[in-house]
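Protein chains in written order, with numbering that gives the first Met the number 0: chain A, 0 to 379; chain B, 0 to 174; chain C, 0 to 447; chain D, 0 to 99. Even for Gly, the Cβ is constructed at its ideal location relative to N, Cα and C.
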Amino acid sequence: MGNTLRDDATQNNSTLLGADELVVNMGPQHPSTHGVLRVKLKLDGERVRGAECVIGYLHRGVEKIAEHRTYQQFAPYVDRMDYVAAVSNGLGYCEAVEKLLNAEAPPRARVIRTILTELQRIASHLVWLGTHALDIGALTPLFYCFREREEILKIFEKYCGARLTTHAFRIGGLQYEAYDGFEKDVERFCKDFERRIQDYVDLLTGNSIWIGRTRNVGVLSAAECIALGASGPLLRASGVKWDLRKAQPYAAYDQYQFEIPVGANGDTYDRYMVRMEEMRQSRLICLQAIERIPEGPILGKVGKVLKPAAGEIYHSIEAPKGILGYYIVSDGTTQPYRVRIRPPSFVNLQALDKMVRGHLVADVVAIIGTLDIVLGEVDR
Amino acid sequence: MLDSVIFYFFAGVAVLSAALMVTRRNAVHSAVLLATALLATAGIFLQLRAEFLFIAQIILYVGGIMVLFIFVIMLVRLDVALHQIRFRFQKWVALAVALALGGEITAVLLLARRLPGQGLLIQAPASADKLPPNSEELARSLFSSYLLPFEISSVLLLVAMVGAVVMAKKRTDDQ
Amino acid sequence: MSPTVQAILAFLQAWWVEIVCGVVIVAVVPLIAGYVVLVERKLMADMQARLGPMRVGPHGLLQPIADAVKLLIKEDIIPDNADKLIFWLAPVISMVAAMTSMGAIAFGPTFQVARDINVGILFVIGVSSLGLLGIILGGWASNSHYSILGAIRSTAQLVSYETAAGFAIVSALLLAGTLKIRAIVDAQQQSGVWFIFLAPIAFFIYLVASIAETNRAPFDLPEAESELVAGYMTEYSGFRWALYFLGEYANMIVVGSVATTLFLGGWLRPFPSVHWLDWLDTLPPLMIAVVGVYCVYRAGKQPARVQTWFMWAVALACFALALIFAVPLFVAPLKFVQPGLHGAFWFLLKVSGYIYLFMWLRFTLPRYRFDQLMHLGWYILIPLAIVNVLSVGVAMIFESEFGWNRWLALVLTTLFTLAIAMLLVNLYDKRRTADSSSAAVATDRYAG
Amino acid sequence: MMSPAHYLFLSLALFLIGSIGVITRRNVIVVLMSIELILNAVNINLVAFSRIFGDVAGQVFALFIIADAAAEAAVGLGIIIAFFRNRETVLADEMDLLKW
């Protein structure tokens with residue numbers, strides 16, 4: 000609670016009994032706002048009347064920097080946006096530029112990219128589950144989730160030397176060949192992960208307090224989701240079966256069978272179930288992928304100096320948080336004229352005010368957790 | 000010897016904290032002082048071998064009513080620095096009245112002993128160890144000879160609860 | 000010698016045992032509370048696939064002392080225009096309340112500070128409810144908007160769950176028929192079975208209520224609220240905060256001992272009056288010996304040399320203790336020591352089992368929201384507790400008037416209370432889910 | 000053994016302090032507290048005489064007084080809260096309207 004008593008008192012006469020419209024600040028330094036987000040809550044006693052998000056504390060001007068970097072130089076910046084799911088940011092950007100160059104990554108590179116992106120999706124969902132459960136009070140899931148995530152980060156480290164901001168992909172394919180034993184590691188992780196998911200399910204899914212805290216909290220109907228532009232697990236939990244991996248397949252997703260989990264009434268509990276199911280599906284994709292990684296080159300015929308023809312493209316992928324879009328305008332030089340990024344967290348955050356109304360203060364924390372926002376991506 | 004030590008100690012604490020309570024400017028301070036006065040009277044009950052009342056006093060008075068008082072003081076957000084004048088001309092009148100009353104009662108107490116036949120027939124009270132177990136005795140008489148007042152006071156409490164809740168409830172409907 | 004000195008000597012002559020026990024309690028409880036904190040951190044770590052405090056002393060065993068020293072050295076910040084007197088008084092009240100209520104508890108047939116006052120259990124509950132004052136005054140004195148909110152919330156929680164705990168205890172007292180702590184345990188000895196089996200629902204209600212009363216586990220709302228109210232302890236630092244913290248853990252021990260005395264048969268060994276199970280008396284020394292053997296086994300595996308020595312020391316201590324417990328069993332003249340010693344062992348074992356349950360719940364369950372918490376307290380727990388008192392009373396009448404067997408009466412009434420519990424739970428669930436989902440739908444059709 | 004006079008004078012003292020509190024203090028909450036004090040003084044007398052005459056009736060009656068004091072405090076504070084919410088004051092002499 001970053002605010003001080005003075006500005007809180009001046010805004011309204013908040014004697015406890017006659018507490019009418021009370022504006023209270025949450026953040027920017029707050030344990031459960033997942034980064035530097037300030038939420039101004041309009042409270043009537045205990046009920047929340049509205050929430051206004053104040054963002055920009057983590058704005059680094061990534062899009063402006065892009066205009067003064069070549070396409071390859073900008074790639075590492077992309078990882079710093081959604082630092083929890085850096086690999087899928089990289090995939091989105093590389094595929095967008097390849098589309099601009101209308102080049103194509105070789106099949107081997109596409110399959111390895113798919114495996115790493117799915118592993119990153121599991122890792123990102125694990126971070127979400129750990130912090131979301133911690134905000135609602137369950138202390139233990141956090142450590143179980145981070146124990147599994149550690150395995151994934153080990154695989155990334157073996158593959159490209161970095162754990163968090165990996166910069167694993169290059170425009171046109173991959174930089175590093177899959178180290179020998181890559182398939183074995185991924186397979187061992189997937190085999191082990193199935194038993195681990197059961198740990199979380201035992202701890203939370205059937206837990207009546209967990210259901211009490213999440214059922215009917217932060218409800219978003221399908222129409223409201225679409226109107227707000229919410230995407231990813233938020234959209235699917237409200238019953239809309241829309242996943243870019245199936246709708247507009249990219250990388251090597253069209254080669255694998257996996258279901259898209261869909262929720263019923265769009266509350267926090269459904270979003271929890273959708274994300275848990277997504278983790279299981281990602282695990283299946285990885286298992287199918289490592290059975291047959293095609294041989295061949297890992298880098299397409301894309302020259303050292305990339306000078307794409309003047310023009311513009313928009314390419315979007317299904318990041319763990321939602322639809323991550325890249326709109327790149329090139330003016331024929333080696334540096335993009337404009338790179339506009341459509342981050343899922345920023346758009347999903349707009350739904351906060353709508354979901355919070357009529358709930359108690361304690362639910363605001365659960366709702367921010369279920370939005371699964373990362374401020375690096377919101378502020379760019 | 001031990002009895003009188005205990006009695007004077009508790010009596011002193013009770014009177015002192017009561018006097019302080021009445022004169023304190025800060026309402027929470029007077030609430031705490033009242034709590035000490037009540038605890039001191041509980042001590043006197045103990046000295047009079049009335050253990051059940053000792054514990055009832057602690058649970059009901061200090062644990063219950065004082066919590067209620069402090070709750071209301073906090074809810075009412077009594078501005079602590081309410082520097083209004085505490086006493087007004089009433090103070091002297093009240094003091095005079097109290098002293099007169101005190102003098103009169105002490106006179107009655109002192110004279111009663113000397114007038115033949117009017118004094119209280121006081122034999123020596125039963126010594127401590129031959130007393131029957133207090134709570135059993137209390138319960139036996141509470142639920143036998145005093146059962147009707149017991150039921151009436153339960154109704155009284157019910158009415159008081161309903162009344163207090165209705166009055167203190169935030170009027171969300173007609174506001 | 001003047002009469003007053005003689006009087007004082009006479010007083011000391013009569014009461015020196017109680018005074019010594021009192022001093023021991025006041026000195027030992029902070030230490031025990033400190034080590035309960037360490038055990039909790041170690042257990043939490045163990046359940047979360049990590050190690051917990053390992054740095055201070057072998058296996059972190061000196062951590063509580065390090066914490067205590069740190070808290071003593073830490074600067075004591077008093078918020079501006081806070082109420083100095085009450086700011087100092089509040090933590091003292093909550094610590095004193097916990098300590099005095101520990102005075103009346105009988106840790107074994109012989110270890111009891113207040114030699115069996117005949118309002119026993121009521122005294123313990125009454126004084127521990129004074130801790131409530133400490134919390135309110137603490138919240139008020141720190142003069143910050145949020146600590147007042149936190150104080151009000153935790154008081155509301157404590158008051159409502161104390162009622163439920165009170166009723167649960169009443170139903171246990173019905174079975175015991177007396178308030179004296181020692182007599183309650185003797186009653187459980189005569190009836191040959193612990194009261195937990197005779198009144199299981201009362202035990203369950205008391206368990207839930209005592210968790211809420213010590214502000215722990217799923218009910219630790221006030222000070223662990225990650226939303227914006229950070230609880231009444233926010234403005235305290237240094238030693239004052241330590242007082243509150245120790246008060247909470249001492250309260251946990253008090254609540255554990257009340258539950259053990261009332262429901263788990265105080266210092267009786269399991270199946271106290273079943274004679275063919277008398278070999279259970281040899282259990283205490285055996286258990287301690289097993290711990291000693293485990294330490295020896297682990298000693299070899301310790302990385303650092305100091306840890307191996309330490310493990311050997313612990314093992315030796317365990318074996319010595321086992322010997323002390325075993326000696327009165329076999330050596331006839333020392334027979335009289337056996338009930339006191341073994342009684343204390345069983346009592347402490349049960350209390351630590353109870354506290355282990357507290358900790359276990361804390362690590363697994365998420366937190367209740369405040370209105371759910373009050374709803375559980377008022378709508379489900381208190382009515383159920385009242386019905387339970389009724390049913391135990393009715394069972395007692397059946398047993399005495401119509402000569403039913405005690406077990407039969409109690410089993411029947413317990414089933415009856417369970418049925419009422421089922422009714423209560425889903426009666427309110429239907430109503431609650433009805434109005435909360437309508438609240439969600441009622442939000443305006445923002446999105447057309 | 001303490002003679003009854005001790006207890007009578009103690010309860011007299013408490014009673015006087017309580018009545019002074021009731022009369023002089025402007026803050027209604029402190030007035031209510033003083034009333035609690037007066038009730039307590041009465042309790043002391045009751046218990047003292049029940050101990051002296053060996054009849055437990057005095058203590059039973061003291062128990063009733065405690066119950067009544069609880070009820071009275073609850074209702075009194077309820078009135079104060081309702082009053083404070085409408086008139087923003089708890090001072091006795093500002094309670095001069097019969098119906099606001």
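Does DSSP put residue i in a helix, in a strand, or in coil?
i	result
Ala229/A	coil
Asp50/A	In the sequence as displayed, the identity of residue 50/A is Ala instead of Asp. If DSSP states are grouped into helix, strand and coil, Ala50/A belongs with the strands.
His166/A	coil
Arg37/A	strand
Ser259/A	This sequence places Ile at residue 259/A; Ser is not what is there. Here Ile259/A sits in coil by DSSP.
Arg379/A	coil
Asn347/A	helix
Ile297/A	coil
Ile385/C	helix
Gly180/A	coil
Glu20/A	strand
Gly172/A	strand
Glu87/D	coil
Leu42/A	strand
Gly33/C	helix
Asn26/D	strand
Ile322/A	strand
Ile76/C	coil
Glu103/A	coil
Leu178/C	coil
Kindly list, in the order they appear in chain A, the residues whose Cβ is closer than 8 Å to that of residue i.
i	result
Ala155/C	Simply none; closest approach about 12 Å.
Using a C-beta to C-beta distance shorter than 8 Å, which residues of chain B count as neighbours of residue i?
i	result
Met1/D	Asp2, Ser3, Phe6 and Gln46
Show which residues of chain C have a CB atom less than 7 Å away from the CB atom of residue i.
i	result
Ile135/A	Pro365 and Arg366
Ile208/A	Pro217, Leu364, Pro365 and Tyr367
Which residues share a DSSP beta bridge with residue i?
i	result
Tyr378/C	Answer is none; Tyr378/C lacks a bridge partner.
Val328/A	Glu311/A and Arg337/A
Ala105/C	Gln111/C
Met272/A	Met272/A is not bridged to any residue.
Mind checking if residue i is an interface residue toward chain D, Cβ cutoff 8 Å exclusive?
i	result
Gly42/B	no
Ala99/B	no
Ile57/B	no
Ile190/B	In the structure as shown, chain B starts at 0 and stops at 174, and residue 190/B therefore has no counterpart that could be examined.
If we cut at 8 Å on Cβ distances, does residue i have a partner in chain B?
i	result
Ala12/D	yes
Ala279/C	Correcting the residue type first, residue 279/C is Leu in the shown sequence and not Ala. Cβ-Cβ to chain B under 8 Å: no for Leu279/C.
Arg86/D	no
Cβ of residue i less than 8 Å from any chain C Cβ?
i	result
Glu50/B	yes
Ile111/A	no
Met160/B	no
Thr130/A	no
Met166/B	no
Ala26/B	no
Output yes if chain A places a C-beta closer than 8 Å to the C-beta of residue i; else output no.
i	result
Ala65/C	no
Met421/C	no
Asp82/C	no
Ala150/C	no
Can you pull the chain A residues whose beta carbon is under 7 Å from the beta carbon of residue i, in chain order?
i	result
Gln301/C	Chain A residues near Gln301/C: none, gap ~25 Å exceeds 7 Å.
Arg304/C	Per Cβ cutoff of 7 Å: no residues; Arg304/C is ~31 Å from chain A at best.
Residues of chain D with CB closer than 8 Å to the CB of residue i, please, in chain order.
i	result
Leu15/B	Correct list: empty, because the minimum Cβ distance to chain D is about 10 Å.
Report the neighbours of residue i on chain D: residues whose CB is nearer than 7 Å to its CB, in chain order.
i	result
Ala18/B	Ile16
Next on the checklist: Could you check whether the region 78-85 of chain C touches the region 40-50 of chain C, counting it as contact only if at least three pairs of C-beta atoms, one from each stretch, sit closer than 8 Å?
Outcome noted: no
Next on the checklist: When you compare the region 295-309 of chain A with the region 327-345 of chain A, are there three or more beta-carbon pairs, one atom per stretch, that lie closer than 8 Å?
Outcome noted: yes
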